[in-house]
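Structure first, then comments.
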Amino acid sequence: MGKVEEGIKVLDDMVMGKFNFCTPDNVTLTTIISGLLTVGKTQEALDVLLKVMPEKSFHLNVITYNVVLCGLFKLLHVIEAMKVFNSMIRVDVVADSTTHAIMIDGLCECDQDLVYQQQPFFDPSFIFFSLVSLSYASNFCSFSL
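Sequence positions in the sequence shown follow the numbering used here and run 517 to 661.
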């Protein structure tokens, strides 16, 4: 499990203001999210993303979202990844070529039957079209079908 629990304790101390000289920033919180997802603590990672960061007025950026999307797809949490991607678009965070690569890879690797059962309105062709239309053609070179 590594030192994730210790990292969370340090983060809690930082958020509570125990260290006057050291407050968490986007890099710190993104690193914590990555560590949580690496050890399978999905809900805790999403709590940092959706609760701690907004409470502390952190601006969510494409790098943080990419870390979350990659971690969720690695854990095969496809539906949750799609929700995060949709919320990213809703809050006007612009997806980059890395985001598109993560999404395409994650969707290609997922069990589509499972996705269809849970989300009957899920349409991979629409997702693909959305990804293509949101990207710049010169940045969109991530196919390995």
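For every residue, glycine included, the Cβ atom is placed at its ideal position computed from N, Cα and C.
- Take the alpha-carbon of residue 571 and the one of residue 624: they are about 35 Å apart.
- At a Cβ-Cβ threshold of 8 Å, residue 609 and residue 565 do not count as neighbours.
- Taking C-beta separations shorter than 8 Å and ignoring five residues to either side along the sequence, the partners of residue 530 in its chain run 538, 539, 540, 544, following chain order.
- One alpha carbon belongs to residue 525, the other to residue 548, and they sit about 11 Å apart.
- Under a 10 Å Cβ-count criterion, residue 582 is classified as buried, with 16 or more other Cβ atoms of the shown protein chains found around its own Cβ.
- One thing to note: residue 558 has its Cβ no nearer than 8 Å to the Cβ of residue 579.
- Secondary structure of residue 540 (DSSP, three-state): coil.
- Residue environment for residue 535: exposed (fewer than 16 other C-beta atoms within 10 angstroms of its C-beta).
- Close CB contacts of residue 607 within its chain, under the 8 Å cut and outside five residues either way in sequence, are with 576 (chain order).
- Proximity to residue 626 across 520, 589, 551 peaks at 589, based on C-alpha coordinates.
- Annotated as proximal: residue 611 and residue 604, with beta-carbon spacing under 8 Å.
- For residue 593, the CB contacts under 7 Å within the same chain, skipping 5 residues up- and downstream, are 558 in chain order.
- Counted as a single uninterrupted DSSP element, the alpha helix (DSSP H) harbouring residue 594 occupies residues 594-606.
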